[in-house]
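Respectively, the protein sequence lines represent chains D, L, H and C. The first sequence begins at 22 in my numbering and counts up one residue at a time. The second sequence begins at 22 in my numbering and counts up one residue at a time. The third sequence begins at 22 in my numbering and counts up one residue at a time. The fourth sequence begins at 22 in my numbering and counts up one residue at a time. Please read the structure below before turning to the comments.
There are 4 protein chains.
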Amino acid sequence: MNTFGNTFRFTSFGESHGVAMGGVIDGCPAGLVIDYALIDRDLARRRGADGTLTTARCEADKIEWLSGIKDGIALGTPISFIIRNGDVHSEDYDALSDCYRAGHADYTYQKRYGIRDHRGGGRASGRETVARVVAGAIAKMVLAQHSVSVSATAQTLPPSEMEEEETYGGRVECVVTGLPAGVGNPIFGRLNAMLAYAMMSIPSAIGFEMGIGSKAMAMTGREYADAWHFDDAGNAVKEQITETNHCGGVQGGISNGMPVVFSVMFHPVVTQMGENCCLGADGKARDVVIGGRHDRCHVMRLPVVVEAMAALVVADLLCGRPTVCFEEEK
Amino acid sequence: MNTFGNTFRFTSFGESHGVAMGGVIDGCPAGLVIDYALIDRDLARRRGADGTLTTARCEADKIEWLSGIKDGIALGTPISFIIRNGDVHSEDYDALSDCYRAGHADYTYQKRYGIRDHRGGGRASGRETVARVVAGAIAKMVLAQHSVSVSATAQTLPPSEMEEEETYGGRVECVVTGLPAGVGNPIFGRLNAMLAYAMMSIPSAIGFEMGIGSKAMAMTGREYADAWHFDDAGNAVKEQITETNHCGGVQGGISNGMPVVFSVMFHPVVTQMGENCCLGADGKARDVVIGGRHDRCHVMRLPVVVEAMAALVVADLLCGRPTVCFEEEK
Amino acid sequence: MNTFGNTFRFTSFGESHGVAMGGVIDGCPAGLVIDYALIDRDLARRRGADGTLTTARCEADKIEWLSGIKDGIALGTPISFIIRNGDVHSEDYDALSDCYRAGHADYTYQKRYGIRDHRGGGRASGRETVARVVAGAIAKMVLAQHSVSVSATAQTLPPSEMEEEETYGGRVECVVTGLPAGVGNPIFGRLNAMLAYAMMSIPSAIGFEMGIGSKAMAMTGREYADAWHFDDAGNAVKEQITETNHCGGVQGGISNGMPVVFSVMFHPVVTQMGENCCLGADGKARDVVIGGRHDRCHVMRLPVVVEAMAALVVADLLCGRPTVCFEEEK
Amino acid sequence: MNTFGNTFRFTSFGESHGVAMGGVIDGCPAGLVIDYALIDRDLARRRGADGTLTTARCEADKIEWLSGIKDGIALGTPISFIIRNGDVHSEDYDALSDCYRAGHADYTYQKRYGIRDHRGGGRASGRETVARVVAGAIAKMVLAQHSVSVSATAQTLPPSEMEEEETYGGRVECVVTGLPAGVGNPIFGRLNAMLAYAMMSIPSAIGFEMGIGSKAMAMTGREYADAWHFDDAGNAVKEQITETNHCGGVQGGISNGMPVVFSVMFHPVVTQMGENCCLGADGKARDVVIGGRHDRCHVMRLPVVVEAMAALVVADLLCGRPTVCFEEEK
């Protein structure tokens, strides 16, 4: 499964050291004006504004548009694009052709497919997120048509007394603003569940929380309840329908008109190497000096990826809304 | 969307105070022997072994099997079943016909559909999980064919200095054992992402964590890495392939053969009532004395629901495995 | 796969001699008023107004509604229903428990599932279409909201010099009127392809044609072309946009505003019996005197089934239309 | 919808006069050896061995492989490819920028999307089938693993007394050999219905028939029935399980082990031009001298397209087969 979404569908392809990464967006509303500058800005955010904590690998991220857009306008047909993989040092990974690193997907890919591209992590590389960011930027343009926006920020704290070269993880918080009440589905296809699915699809994600998340476990039902927000005359305040937003803007799987708030937890990039760091295809321990390049704190680069996945979820729901119910038609 | 899964598909239907709750399972392997006792045990667990913390509503949960099973054996055709709704006190909810409780799905359903069944929460009632538990039990039978099992437990702690009638939430931890390496998908359709989607589809779920979850944010990449487990001779220990299991048995979205471990956080059942507890359809504050019955700690009843959803995820992956790759064929 | 459609989804279940046939409709627009009389009329048409050519099996076809409807209005939640199987003579089929009739699905089901319900054809029985007719009738109500209607008629001709008891097939022609231009999808998901899929899903369907069908093979491109229809002033006649309708109202997979016209060919009900009529599970020829009841010309009962499947296709497209393009918004 | 299949999924993209046509294949079995020569042969067949009846447009059809294949072996990750569009005479189509040809998809695309690429038919061009042929060739490699093959031939007859420049249609017959019994699904997802859907997705397809098709309407049930094939000892002949194959190898939607036989009817390429041939965006008649290039009998080039679509259907069913039932496991 390399496709995300039902109505606004994004299909991702490409291996880290293959010819190119790319994607196909099917279901983009015809007539959408493509904001190329937004795409470039998001790609730059993904590369890392400040390189000190991010990988040395530097990609131009030049997009080749192949279909679905004419004169800067979406045709409604599939939008496809590729970003060629330059600056690859495949030889750094030769030692991994027949062994599996600890804490990576090498072993599981081999078990899943019986074959894998070991160079630069192949399909499992964080490099794959470049296609998500492009698709997410286009999804943001769809959201903008509905006056909806997405914004995420990273919160990271280096563990105390950490050796120089160590990596560490962190948390990304995201807010979707402008989403009207009534978006999402009950039971399955819940907005919060689709967001959880999208976020846990980001490499190194290890946890997801809606609204106040785990803090809710220390509250009573009375404390947790988001009370309605009324003015002195007892009229509902439409702009902010509840006094608090503990639930994160989603009730029963459907948006309530408040900002949709959630956060994603990420584990650090695994860097174990040296003694017994690898499992050989022969089932024996192997010491490997692994080259390649890693972020010290890759989380600094993830807010734009979180935004992209959130935008894909919301665009899918907005494009796939059911025939408007009668009350709304009035 | 009331259907869960791609290959082993479960469709849920029913309103809390309607004629019946029920479901259809499409894609159940033909020839599966139905263990009715297991289904009854799981339904009993859902009702709550000990009633002190759970709702007074007591359902016989008698299942009527409609299709897909002959002489206790699955035919491979759709398995459908219903559980009639008895013991309903619809009149308790009359006051809610034209107003929305705080902290519930009343308002969002109205916005989504322009109409709703207000009795007992209608489709949004926790009552809906009864159908999931039946489907989950059948999924467990599919897992058993593959020597896979699922087990969940609840961890709840009443907030200190809590009034008598207060409700509170908690956490459910779940372990999937016996799952071979290589189950799941990279990019989208990840095992961990599908579990997150399934768990956040449970009413009152507010957070999800794989393995050690948030604790990973305080670790360095070196500490977090799950080292390979070798014996003194340097041979991999197949029964426990890694020394630790911080990742929860999933790497790159695919199982690595270790137990799949995750936990789900649940907020308390919302109980706010009395002054300004409700929003009238006229947009004005309304005081309503709400009858109905609630659990003081519904989390005690959720482990079996968590197991059911996890079983649905794993059964879907096991039934939908791709044509086995060539290495495995050897 | 027992589910039809993407947005307006119908799931069918039930074996001919099981407890009940039934279905679940997910994605029905909330607020739809259910026309029960229409459903009963269509069920009566399916049973066969005039019994002379149709099976002796007479079902009351009493529907039990289980969910998704309150006070005659669709809630937007899954609509589920069952029709119990009465008047079954299962003993007529005892001889088929371990052998396969010629020209039926007995053998293929056994190969597909390794087990089957042999009574009355089990899941393969024409009886299954009763659930389609109910779902199709609800789909027609959705179409009516868009001023779209579906009408089918049967054309049958008894082969000359036919023994008294012989069965024969025929053709059903169907017209969808009122469908605006722009409904359908290019490439895949074409309106004509979806109709073909739907019609070939009807038991005993053996051919499908759009518009003039095979006659088009004897025409030149100039003759086949449906010329635009202009008035004397050279203005397009909106009510009938083309002079002819050879293509059947669909071009490039998308409706052009003309009536959508297609026909379905059906082979006769297979009745071979007696000498070597059956293949035993032991791989040997077997003579079986098969009881059970058959139509002499079941095609007389199929127009309402063709209408039902066509209505499901159109309702799915109408409920799942993409965000209206900008020109149409003007 | 530009994706075909559930398990072996093909997504098509590209406009006739855009940068490139291309596709993504998701779900291709890992380890599959890619037979590039087969792909080139099929592309050559599509271009037309003998150009006398086919368009003057000559494409090199040089494939650029972007992902999913390493050292000629499928990785199990998405296989993506593009074929750049050369030799385009976009200026031939300038006159069509604001008007719609009769008998083409110009008008319906405009109604569907409110915008279109008018050059060379844009997305609606037969050019799109080039990507299907590439994907179909890879699907054939999957079929070959299961000893299944697909073969189609064209039957065309120029209408008598036809002016020199006229175009005409025809019929393509296709046979799938080697398919075991038990492939397909009852009710929906029938093998014959999926084939009908696939074939009617080919531009200019106007009819579909399984087996003997319309001839079945002139038969009695006794004549139509495909009798079991027994040897003199009364044992079933496994190699040819029925004496005749009127049904085309599919019963109840599932293959019976006989060759799967079907045919597709195609209308001629529409060529009307000159007086009132076009409908202007202003709703008025317009005479346009249309350049561009057309086949006189495009059906000569369609057998390989029919084979490609059939291979996609069968590969999807073979890759997506349910967990083998117990009898087959024995």
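All C-beta atoms, glycine included, are put in the ideal place defined by N, C-alpha and C.
Inspect the beta-carbon positions of Arg-105 of chain H and Thr-188 of chain H and report whether they are closer than 8 Å. no
Give the residues of chain D in contact with Glu-185 of chain L, contact being defined as C-beta atoms less than 8 Å apart. Correct list: empty, because the minimum Cβ distance to chain D is about 11 Å.
Output yes if chain D places a C-beta closer than 8 Å to the C-beta of Ala-41 of chain C; else output no. yes
Does the beta-carbon distance from Ser-225 of chain D to Val-151 of chain D come in below 8 Å? no
Member of D:Arg-307, D:Gly-269, D:Gln-272 and D:Ala-165 whose CA lies at the smallest distance from the CA of Trp-249 of chain L: D:Arg-307
Quick one: which unbroken beta strand (DSSP E) runs of 3-plus residues sit fully inside the segment 91-124 of chain L? Chain order, please. Complete beta strand (DSSP E) runs here, min 3: 100-105 and 120-122.
In three-state terms, what does DSSP make of Ser-37 of chain C? coil
Which residues mark the beginning and the end of the alpha helix (DSSP H) in which Cys-340 of chain L is found? 324-340
Got a sec: which bits of the segment 279-294 of chain H sit with their beta carbon under 8 Å from any beta carbon on chain C, in order along the chain? Met-286, Phe-287, His-288, Pro-289, Val-290, Val-291, Thr-292 and Gln-293
Anything in the segment 94-114 of chain L with a Cβ closer than 7 Å to a Cβ of chain H? List those residues in chain order, please. Cβ proximity to chain H below 7 Å picks out Ile-94, Leu-96, Gly-97, Thr-98, Pro-99, Ser-101 and Ile-103 from the segment 94-114 of chain L.
C-beta neighbour in chain D for Thr-344 of chain C, strict 8 Å: The pLDDT assigned to Thr-344 of chain C is 45, lower than 50, so where the model puts this residue is not dependable; a value taken from the coordinates is nonetheless given after this. With 8 Å as the cut-off, Thr-344 of chain C does not count as an interface residue toward chain D.
How many Å lie between Cys-49 of chain C and Ile-90 of chain C at the Cα? 10 Å
Can you confirm whether Lys-351 of chain H, when its beta carbon is compared against all beta carbons of chain D, has any partner nearer than 8 Å? Per-residue confidence for Lys-351 of chain H stands at a pLDDT of 34, beneath the threshold of 50, marking its modelled position as unreliable; the derived number appears in the next sentence. Among the CB atoms of chain D, none fall inside 8 Å of the CB of Lys-351 of chain H.
Alpha carbon to alpha carbon, how far is Ala-217 of chain D from Asn-27 of chain C? 24 Å
Within the 8 Å Cβ cut-off, does Asn-266 of chain D reach chain C? no
Would you kindly report the start and end of the unbroken alpha helix (DSSP H) that includes Ile-60 of chain C? In the DSSP assignment, Ile-60 of chain C falls within the unbroken alpha helix (DSSP H) covering 57-68.
Answer yes or no: does any C-beta atom of chain D fall closer than 8 Å to that of Ile-46 of chain L? no
According to the Cβ coordinates, are Val-193 of chain D and Leu-323 of chain D closer than 8 Å? yes
Against Gly-190 of chain C, what residues of chain H qualify as contacts under a CB-to-CB distance less than 7 Å, listed in chain order? Ala-237 and Met-238
Might you give, ordered along the chain, the residues of its own chain that have their beta carbon closer than 7 Å to the beta carbon of Val-109 of chain H, omitting 5 neighbours on each side? His-38 and Gly-141
Tyr-189 of chain L bridges to which residues according to DSSP? Tyr-189 of chain L is bridged by DSSP to D:Thr-241.
For Asn-297 of chain C, does the three-state DSSP call read helix, strand or coil? strand
Counting only C-beta atoms, is Arg-66 of chain H closer than 8 Å to chain L at any point? No, no contact with chain L.
DSSP three-state call for Gly-274 of chain C: helix, strand or coil? coil
Please list, in chain order, the chain H residues whose beta carbon lies closer than 9 Å to that of Ser-118 of chain C. None at all; the shortest Cβ gap to chain H is about 15 Å.
My guess is that Ala-239 of chain C and His-267 of chain C are in contact by the Cβ rule of under 8 Å, so how many angstroms apart are they, rounded? Actually they do not touch by this definition, with Cβ atoms about 12 Å apart.
Taking 8 Å as the cut-off, decide whether the C-beta atoms of Asp-47 of chain L and Arg-30 of chain L are in contact. yes
Examine the Cβ distances between the segment 193-209 of chain H and the segment 257-274 of chain C and report whether three or more of them are shorter than 8 Å. no
Would Ala-160 of chain D and Ala-302 of chain D be called neighbours here (beta carbons separated by less than 8 Å)? no
Distance check for Gln-131 of chain H and Leu-354 of chain H, CA to CA, integer angstroms please. This structure leaves residue 354 of chain H out entirely; chain H is present only between 22 and 351.
Inter-residue Cα distance where the pair is Ser-33 of chain D and Glu-85 of chain D: 15 Å
Would Phe-229 of chain H and Ser-222 of chain C be called neighbours here (beta carbons separated by less than 8 Å)? Contact flag unset, no.
For Asp-47 of chain H, list the residues DSSP reports as bridge partners. H:Arg-30
Interface residues of chain H facing Tyr-134 of chain L [CB-CB closer than 7 Å]: Ala-51, Leu-96 and Gly-97
Please return the same chain residues whose Cβ sits closer than 8 Å to the Cβ of Val-169 of chain H, not counting the five positions on each side in sequence. Val-197, Thr-198, Gly-199, Leu-200, Val-335 and Leu-339
List the DSSP bridge partners of Met-42 of chain C. C:Ile-104
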